[in-house]
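Protein chains in written order, with my numbering: chain A, 290 to 997; chain B, -16 to 58.
Here it is in structure tokens:
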């Protein structure tokens, strides 16, 4: 058959590589900065835009979607062309994808510090950006499928399956989790409330980790590891099994983020069972990676690329063993809301994603510039600094996590909490946080060795913009279909393959969510639970804007240690008007579900002005701007209308006079503050926030009093 | 709220059981199918990334024969 000449597009790979490395530096710098703020709260310099609550999402988004995201695209664009023996379908679409993605990142970098956020973890971006993400993501998918369809290679290599599953699943996740009703150009409320919102969010959150941080990277592993080791993958059979069981199982495991929460028990158990089962495919993949190097371990010693890949795969194995363990209810009872979770995700992020990225970069850049790596020695030093960085990061955080849990749960022989003041537990772990930031600093410093080494490598070579290649064209007629070869058949039909992947991932999601949506009895309603007043609603949006949820949970679990500390445990029915839910995932500060009525208005006023006035040693940032900024009440009517269309039972036309109620309530609070000597003004933002905080968890108290 | 538009369904406890059975069947079918795969196909796929780039072999023809590799390892 005649051989066709064509070329691979390296230009687009180069662009994504540069963006990835650039945002790695930015994302990790922000990470280091907020790690320091956790023990030096003054480090926000009194500027609201760089306060912890607002820039923590900037760190997570930058690392996940900018650093890792751009590297995924770089790796896919490099490997997909080569295993398909075809140039990317459309160069213009590639460019649209690239620039579109960077604009989204830019929009995130501007909007998050401004406090424009949905507050849902890893899905903080507001609805206009959500739409941009959907468009750019679909462009990427079209380009990928176009390339697969016009490929010259009969079969789709396993890496490509992982890419397809990534595309399909992330599309579903993004759409389902972003169904929200705009209440303004940069403000929206999710259609889900409370428990349902939590379930959807953690179905998303868990699977964002699975299908954005894991499956694409597994695809990259299946391509770049054999390339770097110059030997085929250990078992192709195992990779097929790995793929199908992984994508089938992963989607079920989301509820393990909500153990002991107000989520129905059966859904929690389902999450646990499937999480434990996930060990099998994950470790199958890890072993497949390690065994690919069988007989080649000697080359790991002097090949920095392989070193990075090996540690990455080891971190994958550790994280995927730890994950299922953390989803056991008795382990989760200890680990949840503590720094243990932070340690766990960083084994994944720094170890698996970071190390695999660095390995791929050290391999790919010399290839694309037609040269050798500038300095192997420097890459080796980078490897050791990075490895040490991970250890210095993770060990103190595990320690801190266990310390927190033990102190939170410790009772004296008399049966009262040994550490009733939450602050004690925070101060105890500060030295560990100091060591953690040192680990982060090491990892961050290593990044500069990578940047320098890669720039030097590029300078000594010449960039091959279009890499010449040749291959025979592939036609379906030229291929005789063998009997019993279902997968061959499937592989030749990428669109059907994608559909099957969609079905496989949908089963888990549907089984979990449909019952919760269908059955009223899953969320018992509580008569005394009433919608927020307009002022409380505005206050809640300030709570969301400032990212309070980054450090404060609103979920009291049914443990004696928690009910003693915070009060009655949380009921599903209490959250029916919470669009969005604000349960949080970490307690750097205490839970706030029952904070309403616990302190005076004056206490909150002074505490928000400077937390150390009320709690000496507190690491909470100051919020002086809340005292001076005027509350924007022009948004009240549209917010009320949006809530009404979401089913919150405000009276008809309430939006027209909601602001009257708002002013009345604000005046009452202000009066109380003035009577107690605070120079409060009724139109300031702090009044709304105090109103919201004083409301939190009180509906149930009303209920109990009425019951008596 | 969405749930208000639907009515109650019975026997929610069966959901996890069904799920487990569905996955188990899925897994068994996948295993059977994986082991019935053609060896030639597997070997071709294993070597696909290694042959597809010109930097390894400018002719575009595979120089990595799987059985050779295995022999190397055994030695």
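Glycine residues also receive a C-beta, built at the ideal position from the N, C-alpha and C atoms.
This one's a predicted model, so the numbers in the text were calculated from it and none came from an experiment.
For residue j and residue i, the rounded distance between their alpha carbons
{"i": "residue 692 of chain A", "j": "residue 852 of chain A", "result": "20 Å"}
{"i": "residue 815 of chain A", "j": "residue 384 of chain A", "result": "53 Å"}
{"i": "residue 844 of chain A", "j": "residue 681 of chain A", "result": "31 Å"}
{"i": "residue 559 of chain A", "j": "residue 11 of chain B", "result": "20 Å"}
{"i": "residue 738 of chain A", "j": "residue 639 of chain A", "result": "16 Å"}
{"i": "residue 365 of chain A", "j": "residue 301 of chain A", "result": "11 Å"}
{"i": "residue 309 of chain A", "j": "residue 414 of chain A", "result": "20 Å"}
{"i": "residue 912 of chain A", "j": "residue 878 of chain A", "result": "15 Å"}
{"i": "residue 348 of chain A", "j": "residue 394 of chain A", "result": "12 Å"}
{"i": "residue 868 of chain A", "j": "residue 370 of chain A", "result": "44 Å"}
{"i": "residue 708 of chain A", "j": "residue 620 of chain A", "result": "21 Å"}
{"i": "residue 554 of chain A", "j": "residue 547 of chain A", "result": "10 Å"}
{"i": "residue 874 of chain A", "j": "residue 735 of chain A", "result": "30 Å"}
{"i": "residue 887 of chain A", "j": "residue 856 of chain A", "result": "10 Å"}
{"i": "residue 883 of chain A", "j": "residue 17 of chain B", "result": "54 Å"}
{"i": "residue 977 of chain A", "j": "residue 297 of chain A", "result": "58 Å"}
{"i": "residue 835 of chain A", "j": "residue 972 of chain A", "result": "18 Å"}
{"i": "residue 593 of chain A", "j": "residue 459 of chain A", "result": "32 Å"}
{"i": "residue 902 of chain A", "j": "residue 931 of chain A", "result": "38 Å"}
Cβ-based neighbour list, residue i, same chain, cut-off 8 Å, excluding 5 preceding and 5 following
{"i": "residue 51 of chain B", "result": "With a pLDDT of only 39 at residue 51 of chain B, under the threshold of 50, the placement of this residue in the model should not be trusted; the figure read from the coordinates follows. Same-chain partners within the cutoff: there are none."}
{"i": "residue 382 of chain A", "result": "428, 431, 432 and 435"}
{"i": "residue 910 of chain A", "result": "326, 330, 333, 340, 341, 342 and 900"}
{"i": "residue -7 of chain B", "result": "Here the model assigns residue -7 of chain B a pLDDT of 49, short of 50, so the residue's position is not dependable, and the following value carries that caveat. Answer for residue -7 of chain B: no residue qualifies."}
{"i": "residue 455 of chain A", "result": "361, 500, 501, 504, 505 and 508"}
Whether residue i touches residue j by CB criterion (9 Å)
{"i": "residue 469 of chain A", "j": "residue 373 of chain A", "result": "no"}
{"i": "residue 431 of chain A", "j": "residue 512 of chain A", "result": "no"}
{"i": "residue 480 of chain A", "j": "residue 634 of chain A", "result": "no"}
{"i": "residue 492 of chain A", "j": "residue 544 of chain A", "result": "yes"}
{"i": "residue 823 of chain A", "j": "residue 954 of chain A", "result": "yes"}
{"i": "residue 924 of chain A", "j": "residue 404 of chain A", "result": "no"}
{"i": "residue 915 of chain A", "j": "residue 897 of chain A", "result": "yes"}
{"i": "residue 1 of chain B", "j": "residue 800 of chain A", "result": "yes"}
{"i": "residue 729 of chain A", "j": "residue 351 of chain A", "result": "no"}
{"i": "residue 833 of chain A", "j": "residue 408 of chain A", "result": "yes"}
{"i": "residue 657 of chain A", "j": "residue 598 of chain A", "result": "no"}
{"i": "residue 659 of chain A", "j": "residue 753 of chain A", "result": "yes"}
{"i": "residue 355 of chain A", "j": "residue 312 of chain A", "result": "yes"}
{"i": "residue 922 of chain A", "j": "residue 948 of chain A", "result": "yes"}
With 16 other Cβ atoms within 10 Å as the buried cut-off, status of residue i
{"i": "residue 788 of chain A", "result": "exposed"}
{"i": "residue 362 of chain A", "result": "buried"}
{"i": "residue 338 of chain A", "result": "exposed"}
{"i": "residue 457 of chain A", "result": "buried"}
{"i": "residue 702 of chain A", "result": "exposed"}
{"i": "residue 485 of chain A", "result": "buried"}
{"i": "residue 830 of chain A", "result": "buried"}
{"i": "residue 388 of chain A", "result": "exposed"}
{"i": "residue 438 of chain A", "result": "exposed"}
{"i": "residue 751 of chain A", "result": "exposed"}
{"i": "residue 489 of chain A", "result": "buried"}
{"i": "residue 516 of chain A", "result": "buried"}
{"i": "residue 586 of chain A", "result": "exposed"}
{"i": "residue 720 of chain A", "result": "exposed"}
{"i": "residue 944 of chain A", "result": "buried"}
Own chain, CB closer than 6 Å to residue i, minus 5 neighbours either side, in chain order
{"i": "residue 317 of chain A", "result": "733"}
{"i": "residue 773 of chain A", "result": "Confidence is the limiting factor: at residue 773 of chain A the pLDDT is only 46, short of 50, which leaves the residue's position unreliable, though a coordinate-based value still follows. Result list for residue 773 of chain A: empty, nothing under 6 Å."}
{"i": "residue 759 of chain A", "result": "292 and 294"}
{"i": "residue 303 of chain A", "result": "none"}
{"i": "residue 904 of chain A", "result": "712"}
{"i": "residue 667 of chain A", "result": "738 and 742"}
{"i": "residue 890 of chain A", "result": "958, 961, 962 and 979"}
{"i": "residue 679 of chain A", "result": "639 and 640"}
{"i": "residue 523 of chain A", "result": "577, 580 and 581"}
CB-CB length for residue i against residue j, believed under 8 Å
{"i": "residue 689 of chain A", "j": "residue 654 of chain A", "result": "So it is not a contact: roughly 37 Å between Cβ atoms."}
{"i": "residue 636 of chain A", "j": "residue 607 of chain A", "result": "6 Å"}
{"i": "residue 536 of chain A", "j": "residue 793 of chain A", "result": "6 Å"}
{"i": "residue 525 of chain A", "j": "residue 25 of chain B", "result": "5 Å"}
{"i": "residue 894 of chain A", "j": "residue 969 of chain A", "result": "6 Å"}
Cutoff 7 Å; reference residue i; Cβ partners in own chain excluding five residues on either side
{"i": "residue 863 of chain A", "result": "815, 818, 988 and 989"}
{"i": "residue 568 of chain A", "result": "609, 610 and 613"}
Per-residue contacts from residue i into chain C (C-beta, under 7 Å)
{"i": "residue 17 of chain B", "result": "No chain C is present in this structure, whose protein chains are A and B."}
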